[in-house]
Amino acid sequence: MLNGLWLGFFIVAAVSALAQWLIGGNAGIFAAMVESIFAMAKLSVEVMVLLFGTLTLWLGFLRIAEKAGIVDWLAKALGPLFLRLMPEVPAGHPAIGLITLNFAANGLGLDNAATPIGLKAMRALQDLNPSPTIASNAQILFLVLNASSLTLLPVTIFMYRAQQGAPDPTLVFLPILLATSASTLMGLLSVAFMQRLRLWDPVVLAYLIPGALVLGGFMALLATLSATALAGLSSVLGNLTLFGLIMLFLVVGALRKVKVYEAFVEGAKEGFDVAKSLLPYLVAMLCAVGVLRASGALDFGLDGIRHLVQWAGLDTRFVDALPTAMVKPFSGSAARAMLIETMKTSGVDSFPALVAATIQGSTETTFYVLAVYFGAVGIQRARHAVGCALLAELAGVVAAIGVCYWFFG
Numbered sequence: 001m002l003n004g005l006w007l008g009f010f011i012v013a014a015v016s017a018l019a020q021w022l023i024g025g026n027a028g029i030f031a032a033m034v035e036s037i038f039a040m041a042k043l044s045v046e047v048m049v050l051l052f053g054t055l056t057l058w059l060g061f062l063r064i065a066e067k068a069g070i071v072d073w074l075a076k077a078l079g080p081l082f083l084r085l086m087p088e089v090p091a092g093h094p095a096i097g098l099i100t101l102n103f104a105a106n107g108l109g110l111d112n113a114a115t116p117i118g119l120k121a122m123r124a125l126q127d128l129n130p131s132p133t134i135a136s137n138a139q140i141l142f143l144v145l146n147a148s149s150l151t152l153l154p155v156t157i158f159m160y161r162a163q164q165g166a167p168d169p170t171l172v173f174l175p176i177l178l179a180t181s182a183s184t185l186m187g188l189l190s191v192a193f194m195q196r197l198r199l200w201d202p203v204v205l206a207y208l209i210p211g212a213l214v215l216g217g218f219m220a221l222l223a224t225l226s227a228t229a230l231a232g233l234s235s236v237l238g239n240l241t242l243f244g245l246i247m248l249f250l251v252v253g254a255l256r257k258v259k260v261y262e263a264f265v266e267g268a269k270e271g272f273d274v275a276k277s278l279l280p281y282l283v284a285m286l287c288a289v290g291v292l293r294a295s296g297a298l299d300f301g302l303d304g305i306r307h308l309v310q311w312a313g314l315d316t317r318f319v320d321a322l323p324t325a326m327v328k329p330f331s332g333s334a335a336r337a338m339l340i341e342t343m344k345t346s347g348v349d350s351f352p353a354l355v356a357a358t359i360q361g362s363t364e365t366t367f368y369v370l371a372v373y374f375g376a377v378g379i380q381r382a383r384h385a386v387g388c389a390l391l392a393e394l395a396g397v398v399a400a401i402g403v404c405y406w407f408f409g
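Under the UniProt record's numbering, the very last position in the sequence shown is 409; numbers go up by exactly one each time.
What follows is the structure, given as structure tokens:
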């Protein structure tokens, strides 16, 4: 899938460039494409340097949380809920702790770190699967919630914005939080409908209703604020949450007699190993996207969508953010490349860049997650996993666009 997508970028760019040369007489298009390849290769290394630091930092703190028992506490706290949503998973099964740790990594925006943990969780669920080639209900729910991108603290998005020179990298904190809540809720509801899960169970309601009330009250409060106040609040809460979480891990770790420095270094080493494997993918996708943009093909496609949106009488400012949304179900690295390219082309705090950042933070690589997670355990029949995951993806994109108009429009 990724092979076809990547090759397709170059083929479309080549066709577009030939058309501009032979029909439009633009012989300089090829020089622009070659220049774009080298520029994007350089940008890949610059982004990678900061990504090394980000992943190393957060996996270090996550290891402290593990050793301090925070992850185990979360697993116990969420145990009754998982027993209702995944009734085939026995209480205290290792899969619950792994699922919790995976959600914690996703919640921190560490999607690259969450993947190896998620694979361990999927293997643990496969041990309970009576049909080795058919996805179980528990596996489908786990995959769809993963694909819904439950991101509470999108640190990698902050990192990309910081690398591109954003004066306030956390500006998109609240928009991403609201959009990812919409995608996760849609994912949960769609799976619950297909699996006939009893969401009205008293225990499930005891978890969901307080969360829904807090989110609803929070949105009601946000509705009373101006756009300037919303942006300011998003910045304050983003930075406060980020630093507060760090202090929570350190304080709890110290109280539990964890050697926090040694634990941090242990986790940071893992972060370094995860990060160093990403550079080839980042170079490959950024160069492909750069060629696509330089050839004029991307602008041509967006102009077509823009005319349709204009014909419908809608605002067209979000259209430049759509490349991120269109490739995200297939490839996280391609979507990351599209996001960075949009920031460079339109400006890091432009409306399209803010929408693209929110989409990137509130959606997931549905087909990639499906292929990797199910492929790792030999699942051949995904049942309703694809439909539910794509529905969650769509909800995240629509919510991201709507929330950005609310905050920044």
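A virtual CB, placed ideally from N, CA and C, is assigned to each residue, including glycine.
Limits of the alpha helix (DSSP H) - the one that residue i falls within
i	result
residue 129	Taken as a continuous stretch (DSSP letters only), residue 129 belongs to no alpha helix (DSSP H), as it is neither H nor E.
residue 180	173 to 195
residue 352	351 to 362
residue 87	Looking at the DSSP string, residue 87 is not in any alpha helix (DSSP H), and its letter there is neither H nor E.
residue 421	The chain is shown only over 1 to 409; residue 421 falls outside these bounds and no answer can be derived.
Collapsed DSSP secondary structure at residue i in the structure displayed
i	result
residue 256	coil
residue 293	helix
residue 37	helix
residue 198	coil
residue 69	coil
residue 100	helix
residue 79	helix
residue 146	helix
residue 26	coil
residue 347	coil
residue 151	coil
residue 166	coil
residue 332	helix
residue 225	coil
residue 121	helix
residue 409	coil
residue 315	coil
residue 54	helix
residue 365	coil
residue 307	helix
residue 420	Nothing can be reported for residue 420, as the shown portion of the chain is limited to 1 through 409.
residue 92	coil
Buried/exposed call for residue i, threshold 16 Cβ in 10 Å
i	result
residue 187	buried
residue 224	exposed
residue 329	buried
residue 419	The requested residue 419 is not part of the displayed model; the chain covers only 1 to 409.
residue 307	exposed
residue 179	buried
residue 209	exposed
residue 160	buried
residue 258	buried
residue 396	buried
residue 129	buried
residue 11	exposed
residue 244	exposed
residue 280	exposed
residue 337	buried
residue 265	exposed
residue 236	exposed
residue 63	buried
residue 420	A query on residue 420 cannot be resolved here, the shown segment of the chain reaching from 1 to 409 and no further.
Proximity to residue i [Cα-Cα], best of the options
i	options	result
residue 134	8, 379, 170, 205	379
residue 43	401, 297, 286, 403	286
residue 364	326, 382, 348	326
residue 106	139, 119, 146	146
residue 267	31, 409, 58	58
residue 343	62, 290, 304, 15	290
residue 298	386, 62, 319, 137	319
residue 101	10, 252, 237, 61	61
residue 353	262, 303, 165	165
residue 86	143, 39, 3, 55	143
residue 153	138, 132, 181, 139	181
residue 383	270, 94, 191	191
residue 399	177, 118, 137	177
residue 123	96, 148, 104	96
residue 184	88, 366, 49	366
residue 409	175, 120, 65, 54	175
Strand pairing of residue i, partner residues [DSSP]
i	result
residue 161	In DSSP, residue 161 forms no bridge with anything.
residue 340	DSSP lists no partner for residue 340.
residue 381	134
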